[in-house]
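Residue numbers (my numbering), protein chains in the order written: chain A, 119 to 229; chain B, 10 to 173; chain C, 3 to 564. Quick reminder that beta carbons are idealized off the backbone N, C-alpha and C, glycines included. A short worksheet on the structure shown next.
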Amino acid sequence: MDVRNNRRTTAGSSVITANRLLDGRIVWLTDQGTWSVDIACAATWPNDRIETVIADTARHQQDQGVVGVYGVQLADQAAGITPLTVRERIRAFGPTVHPHFVPSHEDTPHA
Amino acid sequence: MPLLENGRIVADDWVHVPDDAPCPADGAVIVSFARVEEALARPGAAPVGVRLNPDTDVATLNTVLPRLGLVNVDFPGFRDGRAFTQARALREHLHFTKEIRATGHALPDQYEFMLRCGITTVEIAENADPSVWEKAHTRFTVAYQPSVLNEKSQGFGLRRFLDA
Amino acid sequence: MPDTALAPAVGRYAYDQVDRTFLRERVEQFRDQVARRIAGDLTEDQFKPLRLMNGLYLQLHAYMLRVAIPYGMLGAAQMRELAQIARTYDRDYGHFTTRQNLQFNWIRLEDTPDILARLAAVDMHAIQTSGNCIRNVTCDEFAGAAADEVLDPRIHAEILRQWSTLHPEFSFLPRKFKFAITGSPHDRVAARFHDVGLIARPGDDGRAVFDVYVGGGLGRTPVIGVLLHDGLPEEDLLAWLEAIVRVYNAHGRRDNMYKARIKILVQALGIERFREEVEAEFARMDRARYRLDPAIVTGIRARFAVPDLHAPADAAQKLQASRASTPAFDRWVRTNTHPHRVAGFISAVISLKPDGGIPGDATADQMDIIAGLAERYSFGEIRITHMQNVVLGHVRQDQLQALWQELASAGLATPNIGLVGDIIACPGLDYCSLANARSIPIAQKLSARFADPGLQERIGALRINISGCINACGHHHAGHIGILGVDKRGEEYFQLTLGGSGENDAAIGQIIGPALPEDETVDAIAALIDAYLVHRHDGERFVDTYRRLGAAVFKDAVYAPA
C-alpha cells in the first residue's frame, strides 16, 4: 500500500477502505462493521479518533476477507461522502474514462 | 528448528553457535566465518560449518572450504535471493560437495529453486507443514534451463527432467 | 487434454506436450497458492510475489492480470481466447501495453486459476510478467518481415524466454529485469533503454552475434545503456547473460527499491569494473553447462512455422493502382505500412489509437475482428507493438486494399502511425494505483484536437508519450514530447519534456519548465507544434527542429507566448 494513501490532517474526517481479497473490489467500512462497495454507505470518523479503528480493523482483515486497510480523508465541503483526493475519488466512483463502470452496486461482472 | 531434507524431516546433527556464545568442545557446530579457525582448532576433528551473510562473497571460503562439512546460507526475507547465487557458486565454482543448509524465511514455494541451486537442507519453522514443502518439490516435472544438479536433458532445447 | 500433433505456429514457438504439461503444472501450483492464501496459510505479504510472478496485481479497482505475449507474437486462436476471457471474466476489453503484453483490469482472484487454465489451453500464460524476476523479452514488431532486418531475433527471444522461465537462481532478484532484442540495425525495441538490450546480426561464420547493451532504463533515473560486449558469439549468449544477471543478483541493492535496478549497479561500479565482474564470472563458470549449442538453436527454429511468402508477379503493380485510385487508402498506406523483405509483400499496422480513444485498448469484438483478418491476410500471425498497436506482418500487396476496407468498416483504419495521433499512454490514475495523474484523458483530448489526417501528415513524425507517474510505463523519457503526471498539492499536474528518443539516436527528454494543469497542457502541446511548424526546415521532424534550435524557442511558446 502506497504511503501517500494514508495521509490525513488532524482536523477533518475520514472513511476506512480496503480491497476485497477474493475479487479485489474496493470496499468501505460501514457503521455495522460490514464492507460495502458503495462509499455512500461508509461510516465516517473524525481524524483524531480513526487511527485505533484502522489498526483494529487491520488486525481482523484476514477473517473479514479484505486486504490493505487504510483511511481516506474526506472533502469537508462536499455534499455527500466524497474523498478529498482525485485518486480516492476514482477508487470510489470508478475510472473517469469509463463512466459506465460505476462501483456503487453490489454485483460484480459475469457472476 | 526442524530440518528438511528431500521433503522430509530428518535428524539434525548440527548446532548453531551464536557469536556471543562459547564454541562447544565437541560436536558438529555452525559458526560465523570469523570463528571458523577457532572451531577447526578444537581437538577431535568434530565437523565445522560456516554461517554466511547474504552479502558474503563465497570466494573468501576458498582455502578453508575443504575442511568444512557444511555451509549455511540465509534468507533474511524470502525476497532476498542472494542465497541462491551463493549456493550455486559453492557447487559450481568451488566444487563443494557437502551439505548446504538454508536458514531464514524462505517460502515452501521456493524449495525447488533452492534444491536446483545446490541447497540440500532447510531449517523450517516449528509449526511448518513439511508436506507443503514436499508438494512444492514434486510439483514440476520439467525445467527450462541447466542447473548445478546436472539434471538429465529432456531431449529438446534446454529442457531438463526434474526428479521427484 | 489429448494432443498428438503440434499446431503450426507462424512466427512463434510451437508448444509440444512437455511445454503443455509444464503450463498445467504451473496453473495447479497457482491454484494451490490461491487456496493457501484464502485459508490464511499464506499472508498477503508472502502471497504477493507469488501472484506477481503469475502477472496478478491488486490494483486501483480490482485485480489486474497481465497476460504474456512472448516477444509480441500471437496466433489468431490465441487472440480469440483473449476476447473470450475479456467477455467471460472482465468487461469485454483489454489493454495492450508498452512491453507487448495484454492487461485485463477487472479480474477476480478466485477466477484467476481458471483464467490461467484457459490461457494454458491455447499455449498462453502470465508467467513472470511481474515480480522481481526476468520479464517478457520484447522484440521488433516487424521481426521476420522488415526489409532492413539482418537476422530474425524471435528465435533467440524464445530461447531467452525458456531459459529465464522459473530460473532457480534468478526468481528473487533485487528488482525486475527486462530484456529487449532486435535483429535490425534500426533499433525499434528501445534496446538502449533496457536492463539488457541485444542487437543481433550475422557474424562472419553466418551464426548470430550479439551487441550487448546493459544498464539502460527509464523511471526515476533514466539512463541510456552502455555497450558491454561487441559481437558476442551465439554459443556464449546464455553464459554471458547468466554472468550479468548473477553479478546483479549478488550485488544489486536490496536496501532501497528505488535504487535496485541494474542501471544503478552499473553506474555505481562504472562500466569497466562492471565488465570485469561479468568477465570474471564468465571465466569461472562451467561453460559446458551454459553453452548454447547450435543444435539447440536449430531445434527451436524448427518449431517456428515459416509462412509461404509467394505473391503474384503483379502484386506491387496492383497496389500502386489502388493507391492511385483511392486517396484515403493511399494515405493509410503512407502512414500505416512498412517495407517487407519479400517482393510483393508488405507489413500493415492496425492503429489502436482512434481519434479521442484510449490508446492501446481493444474490445473483445475488435480482438475477434483482428483474429479473422490475421487468418485471411497474414497467415494467422499477429504482432503487438510496444507502441500499443497491432501489426499484420506478411500481407500480400495485391490484398492490402481489401484488408484496409475491412479495417475501415471496423473502425480500425486510423491513418496515424508515428504521427501526433499515435500517442503512447500508460493507463494512469484511472486504473493504476501507482499513478499521480490521469494520462488517458490528455491522450484523448490531444488525439481529438489533432484528428484531421491531413494535419497529422503535415506535422509529420512525432512521438508523444504520456506517463501517469515517474515509473514511466508510458516511456515519456523517450518521447519527442514527453508528458509526465505529477502530484502538486493533491492536484494533477503535467510536466513536459522534449527531445527524447528510443531509437538509434537514443536520448532522454529534457524538462522545459514547471508542470501545468491539464487544460493548459493540451494547449501547451498545441503551442509546441505551432512553434515547430513555424521554424522547421525542409525534411525536419519535430525532434530534429528541437535539436537544431534548442529548448528556448519551445519554452517560450509554452511559458512566454508573445
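- Taking 8 angstroms as the upper bound for CB-CB distance, A128(C) and V69(C) are in contact here, some 5 angstroms apart.
- Burial check for I134(A): the Cβ neighbour count within 10 Å reaches 16 or more, so the residue is buried.
- The beta carbons of D21(B) and L13(B) sit about 10 angstroms from each other, so the pair does not count as a contact at 8 angstroms.
- Taking 9 angstroms as the cut-off, the Cβ atoms of G219(C) and I264(C) count as close.
- Excluding sequence positions up to five before and after L52(C), its CB lies within less than 7 angstroms of the CB of Q35, all in the same chain and listed in chain order.
- V40(B) is bridged by DSSP to V59(B).
- Scanning its chain for C-beta atoms nearer than 8 angstroms, with the 5 sequence neighbours on each side dropped, one finds around Q61(C) the residues N107, Y433, C434 and S435, in chain order.
- Along the stretch 152 to 173 of chain B, the positions whose C-beta sits under 7 angstroms from a C-beta of chain C are A152, Y153, Q154, P155, S156, Q163, F165, G166, L167 and R168, read in chain order.
- Within chain A, no residue has its CB atom less than 7 angstroms from the CB of H97(C), the nearest being about 11 angstroms off.
- Against chain C, the beta carbon of C32(B) has no neighbour under 8 angstroms; the closest one sits roughly 29 angstroms away.
- Under the criterion of beta carbons closer than 8 angstroms, A554(C) and Q512(C) do not qualify as touching, at roughly 12 angstroms.
- When secondary structure is reduced to three states using DSSP, F122(B) falls in the helix class.
- Counting the other Cβ atoms within 10 Å of the Cβ of P217(A) gives fewer than 16, which makes it exposed.
- The alpha-carbon of P443(C) is positioned some 34 angstroms away from that of A148(C).
- Pairing E171(C) with N103(C) gives a Cβ-Cβ distance that is not under 9 angstroms.
- For the pair of segments examined, the stretch 163 to 183 of chain C was found to touch the stretch 125 to 140 of chain C: the number of CB pairs separated by less than 8 angstroms reaches three.
- Comparing C-alpha distances from A123(C) to each of T23(C), P187(C), K50(C) and E46(C) shows the shortest one belongs to T23(C).
- Contact annotation: A508(C) and R194(C) have beta-carbon atoms nearer than 9 angstroms.
- Under the Cβ distance rule, T200(A) does not count among the residues neighbouring chain C, no pair being separated by less than 9 angstroms.
- Residue pairing by DSSP puts Y215(C) in a beta bridge opposite G199(C) and L229(C).
- For F556(C) against G395(C), the beta-carbon gap comes to about 37 angstroms, at or over 8 angstroms, which does not count as contact.
- Among the residues of chain C, those whose CB is under 7 angstroms from the CB of T214(A) are D432, R440 and P443, following chain order.
- Taken through DSSP and simplified to helix, strand or coil, K490(C) comes out as strand.
- Judged by their CB atoms, S173(C) and G133(C) are nearer to each other than the 9 angstroms cut-off.
- Under the three-state reduction of DSSP output, F24(C) falls in the helix class.
- Closest in alpha carbon position to T223(C), among D332(C), L294(C), R343(C) and Q269(C), is Q269(C).
- Within chain C, the residues T23 and E27 have their CB atoms less than 7 angstroms from the CB of T150(B), given in chain order.
- In the DSSP assignment, D257(C) falls outside any alpha helix (DSSP H), carrying neither H nor E.
- Across the structure, P117(B) and Y65(C) are spaced so that their CA atoms are roughly 24 angstroms apart.
- DSSP lists Y59(C) as the beta-bridge partner residues of M66(C).
- Per the coordinates, the alpha-carbon of I39(B) lies some 41 angstroms from the alpha-carbon of Y59(C).
- For E14(B), no chain C residue has a Cβ inside 9 angstroms of its Cβ, as the nearest lies near 18 angstroms away.
- Assignment of Y561(C) by DSSP, reduced to helix, strand and coil, places it in the helix class.
- Of the residues H253(C), R336(C), L294(C) and R286(C), the one whose Cα lies closest to the Cα of F276(C) is H253(C).
- A straight line joining the alpha-carbon of F181(C) with that of Q130(C) spans about 13 angstroms.
- Excluding the 5 residues flanking it on each side, G113(B) has same chain C-beta neighbours closer than 7 angstroms at D83, F84 and P85, in chain order.
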